[in-house]
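J.:
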Amino acid sequence: MKKLAVTVLLCLLQLLSRAQDNVDDALAYQYYQQGQFQQAAVLLEKLFNNTKSDAYFELYFNSLLKLKKFDEAEKLARKQIRQSPKNLQYGIALARVYQDKGQAEAANKMYMQVIANLPADEFKIREIANHFYGFQAYDLAISTFLQGRKLLNNDQPFTYELLSIYRYKKDKNMLVQEYLNALPQLPQLLPQAESVLSSVFEDNADYQILQSALLKKIQKEPQTEIYTKLLIWQYLQQQEYEMALRQLIAQDKRIKDDGAILFNTSNTFLDNKAYPTAIKAYEYLLTKGKENPWYLPAKVEMINAKYQLVISGKFDKNAIGELAAAYQAIIDEYGKSRQTLFALSKLANLQAYYLNELSKAEKTLEELLKTPGISAAETGQVKLDLGDIYILTQQPWEAFLIYEQVAKQFENQDIGNEAKYRAARLSFYQGNFNYAKSQADVLKASTSQLIANDALNLSLLISDNLQSKTDSSALKMYADAEMLQFRNQPAQALAKLDSIAIAFPNNSLTDDILMARSRIYIKNNDIPNAITALKMLTEKQSNSIWTDDALFTLADLYENNLKDNAQAKSIYQKLINDYPGSMFTNEARKRFRKLRGDNIGT
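In mature numbering (1 follows the signal peptide of the UniProt record, and there is no 0), the protein residues as written are -19 to -1, 1 to 583.
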């Protein structure tokens, strides 16, 4: 009985001790979290002595350091080293005491001793590195991981940890090296690498770090395709499209691809208006022969890229006829059908606006309307284009009728609202300002933000410039200039705009004229004059209806034409701050964040 009573008593005492430890544990942690280290240290010392837990040691030791009780902390660390010499955590603790006491040399010697004594155990290596990471000794954590790789005779472990630390430290050189080390074995990391590097890199010099490292890797390991893929991405980021294309073609030949990679990347060239590069890419794909699955798509896209060059004003005007012939060849070969709708539409545009073949353009679209198989929406778009050509052929009444047809057929739809807007614009060209304004006012509530914005601008343009007879007459000249620009007669349009101030000094159209001039210059790729006009508008006409539009256009020119990202970022910031309600603000914010280096999930 006595033995049983003693056993029960011991069990009760153990339970009471555990219960008390649980209470002390919660209270100690609360003190520690609240920064009450004196109270925490008392309880943690007791808990550590009772349990010999490394977790309690860490908290107790940290509390002593916070209280600057360095002698007690050193004594505690040395005692633990004697009792557990293989537990490197205690060596780190002693080094931290030296560090906090200002004995940097002794601390570094001890840290290096810990790293030198690492076991060839991946778990233990990670544990020691985490101790360094815990008190923000990132360089020591890196050294631990790198030493661990040597001990394990393997340069693959700890990839994710090192990438995380290098990214946090913004150590661009080592971040690049670590990705290049990891990608051959972990090609699934490529999207992450592209995203992280684009968020960390700040300027061209950073991308040159990547390019230099990649070229060295490719020279040593030309068979490692993942390096070529990253190099192509790097060239695209730097908008070095010709270099990207060169690598793409070399890759295509090396891996004997069917052209899919090159064809898909060519879309990037088009999106960034690198039309000559896109054309070269498609021309290369055509050399694969008609049996290649990408032959016809490449042929079509090549012609479309040439078309984009024409309308951007960067193409040799003598080649426009050849481009029209290319569209005609597609129509002749494949017939007039829904599949060749794009060719007929583009051909009509060239005939109307670049070849001065208005009757041919009109006939092309009228025949297109008779093509079987095209949808109602496609028919509506063709009718809108035909209405525009009727304006060019001096048939405004026919244009009104066809616009009205589309507006009624597609009531309350975007294409119907577009038809109404074009009718209002035609009224404006003809000087019927009151009717044009009434139609524009209705469209201000359009569900399409772009149409609503255009309608609002037209309404304000009219109302702001009908205050006097002089302004009304000046507005008529301005409308004539807009009509000339619509007819793709930029020189005559600019001359008409210039004559407004001569005929009507001190008119109210200064800001409108500047915006109109900038649009003409941009269409003709005269970027310097476009920037001059836009700067005059934004700096001297800050209350204009066009100011937010002008700011966005100006920033876009700096970003995409002049490659001056700093200036573009500054202008986007001004637009965001000064015009928060503008339709351009959201897009300006996205572009600003991208230029700043934010990772916005492109």
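Ideal placement from N, C-alpha and C gives every residue a C-beta, glycine not left out.
#1: If you reduce the DSSP assignment to three classes, tell me which class Y334 lands in.
#2: Cα separation between residue 587 and A122?
#3: What is the DSSP secondary structure of R227, reduced to helix, strand or coil?
#4: Taking the alpha helix (DSSP H) that W214 belongs to, which residues open and close that run?
#5: Closest to D35 by C-alpha separation, out of S440, I62, S179, R572, would be which residue?
#6: Could you check whether the segment 46 to 65 touches the segment 73 to 82, counting it as contact only if at least three pairs of C-beta atoms, one from each stretch, sit closer than 8 Å?
#7: Measure from the alpha carbon of S489 to the alpha carbon of each residue in R498, P257, Q522, D366, then state which is nearest.
#8: Take Y92 and list the residues in its own chain whose beta-carbon comes closer than 6 Å to its own, dropping the five residues that flank it on each side.
#9: Say whether the segment 382 to 394 touches the segment 334 to 351, bearing in mind that this needs 3 or more beta-carbon pairs closer than 8 Å, one atom from each stretch.
#10: Examine chain C for any beta-carbon lying closer than 8 Å to the beta-carbon of F533, and answer yes or no.
#11: Closest to S499 by CA distance: which of K269, L515, P486, A549 is it?
#12: Just to confirm, is the Cβ distance from G294 to L266 under 8 Å?
#13: Give me, in chain order, the residues of the same chain whose beta-carbon lies closer than 6 Å to that of residue 584; leave out the 5 immediate sequence neighbours on both sides.
#14: Is F485 helix, strand or coil when you go by DSSP?
#15: Taking only the alpha-carbon atoms, compute the straight-line gap between M564 and Q430 and give it to the nearest angstrom.
#16: Short of 8 Å in beta carbon distance, which residues of its chain neighbour L99, apart from the five on each side in sequence? Order them along the chain.
#17: How big is the Cα-Cα spacing for K418 and Q376?
#18: Pull up the distance between the alpha-carbon of T374 and that of R403, whole angstroms please.
#19: Hey, how far is the Cα of T583 from the Cα of K571?
#20: Using a Cβ-Cβ cut-off of 7 Å (strictly less than) and excluding sequence neighbours within five positions of Q309, which residues of its own chain qualify?
#21: Here's the rule I'm using: 16 or more other beta-carbon atoms within 10 Å means buried, otherwise exposed. How should L543 be labelled?
#22: May I ask you to report which of helix, strand or coil DSSP gives E568?
#23: Suppose the cutoff is 6 Å on Cβ atoms and the five residues either side in sequence are ignored; what does the same chain contact list for Y216 look like?
#24: What does the alpha-carbon distance come out to for the pair N87 and E175?
#25: Can you name the start and end residues of the alpha helix (DSSP H) that I109 belongs to?
#26: Take the Cβ of P101 as the centre, count every other Cβ of all protein chains shown within 10 Å, and call the residue buried at 16 or more, exposed below.
#27: Whose CA, out of N89, L161, L40, D187, lies closest to the CA of G115?
#28: For K151, does the count of other Cβ atoms within 10 angstroms reach 16, so buried, or fall short, so exposed?
#29: Please check the pair L243 and L229, which I expect to be a contact at CB under 8 Å, by giving their CB distance rounded to whole angstroms.
T.: To lay it out plainly:
#1: To locate residue 334, count along the sequence shown from 1; it is residue 353. Helix.
#2: This structure cannot speak to residue 587, because the chain is shown only from -19 to 583.
#3: Locating residue 227 in the sequence shown gives position 246, where the first residue counts as 1. Correct three-state label for R227: helix.
#4: The residue given as residue 214 occupies position 233 in the sequence shown. Membership of W214 in the alpha helix (DSSP H) is indicated by the continuous run 206 to 218.
#5: Sequence index remark: in the sequence shown, residue 35 carries index 54 (1-based). Ranking S440, I62, S179, R572 by Cα distance to D35 puts I62 first.
#6: yes
#7: Counting from one through the sequence shown, the residue named residue 489 turns up at place 508. For S489, the nearest C-alpha among the options comes from Q522.
#8: For the purposes of this step, residue 92 is taken as the residue at position 111 of the sequence shown. Counting only Cβ-Cβ distances below 6 Å, and skipping sequence neighbours, we find A76, L121.
#9: no
#10: Absent from the structure: chain C. Only one protein chain is present.
#11: Position 518 of the sequence shown, counted from the start, is the residue given in the question as residue 499. The residue with the shortest Cα to Cα distance from S499 is L515.
#12: Residue 294 sits at position 313 when you count from the first residue of the sequence shown. Residue 266 sits at position 285 when you count from the first residue of the sequence shown. No, these two residues do not count as a Cβ contact at 8 Å.
#13: Missing from the structure shown is residue 584; the chain here goes from -19 to 583 and no further.
#14: Counting from one through the sequence shown, the residue named residue 485 turns up at place 504. In this structure, F485 counts as coil in the three-state DSSP scheme.
#15: Start at 1 with the first residue of the sequence shown, and residue 564 comes out as number 583. Start at 1 with the first residue of the sequence shown, and residue 430 comes out as number 449. One C-alpha to the other measures close to 7 Å.
#16: Position 118 of the sequence shown, counted from the start, is the residue given in the question as residue 99. Same-chain partners within the cutoff: L69, K105, I106, I109, T125, Q128, G129, L132.
#17: For this step, residue 418 is matched to residue 437 along the sequence shown. For this step, residue 376 is matched to residue 395 along the sequence shown. Approximately 22 Å, taken between the alpha carbons.
#18: In the sequence shown, counting from the first residue as 1, residue 374 sits at position 393. In the sequence shown, counting from the first residue as 1, residue 403 sits at position 422. One C-alpha to the other measures close to 16 Å.
#19: Counted from its first residue, the sequence shown places residue 583 at position 602. Counted from its first residue, the sequence shown places residue 571 at position 590. With a pLDDT of 38 at T583, under the threshold of 50, the modelled position of this residue cannot be trusted; read the value that follows with caution. Near 10 Å, if we compare the C-alpha coordinates of K571 and T583.
#20: The residue given as residue 309 occupies position 328 in the sequence shown. The answer, listed in chain order, is L328.
#21: One-based indexing of the sequence shown puts residue 543 at position 562. By the neighbour-count criterion, in which 16 or more other beta carbons inside 10 Å mark a residue as buried, L543 falls on the exposed side.
#22: On the sequence shown, residue 568 is found 587 positions in, with the first residue counted as 1. DSSP places E568 within a helical segment (H, G or I) once states are collapsed to three.
#23: For the purposes of this step, residue 216 is identified with residue 235 of the sequence shown, where counting begins at 1. Closer than 6 Å at the Cβ level, and outside the excluded window around Y216, lie M224, A225.
#24: Here the question's residue 87 lines up with position 106 in the sequence shown. Here the question's residue 175 lines up with position 194 in the sequence shown. Note that residue 87 is Ala in the sequence shown, not Asn. Going from the Cα of A87 to the Cα of E175 covers about 41 Å.
#25: For the purposes of this step, residue 109 is taken as residue 128 along the sequence shown, with counting starting at 1. Looking at the DSSP string, the run of the alpha helix (DSSP H) that includes I109 is 103 to 115.
#26: Sequence index remark: in the sequence shown, residue 101 carries index 120 (1-based). Strictly speaking, residue 101 in this sequence is Ala, with Pro absent from that position. That one is exposed.
#27: Position 134 of the sequence shown, counted from the first residue, corresponds to residue 115. Out of N89, L161, L40, D187, L40 has the C-alpha closest to the C-alpha of G115.
#28: Numbered from its first residue, the sequence shown carries residue 151 at position 170. When all chains shown are included, K151 counts as exposed.
#29: Here residue 243 corresponds to residue number 262 of the sequence shown, with the count starting at 1. Here residue 229 corresponds to residue number 248 of the sequence shown, with the count starting at 1. Yes, they are in contact, since the Cβ atoms of L243 and L229 sit about 5 Å apart, within 8 Å.
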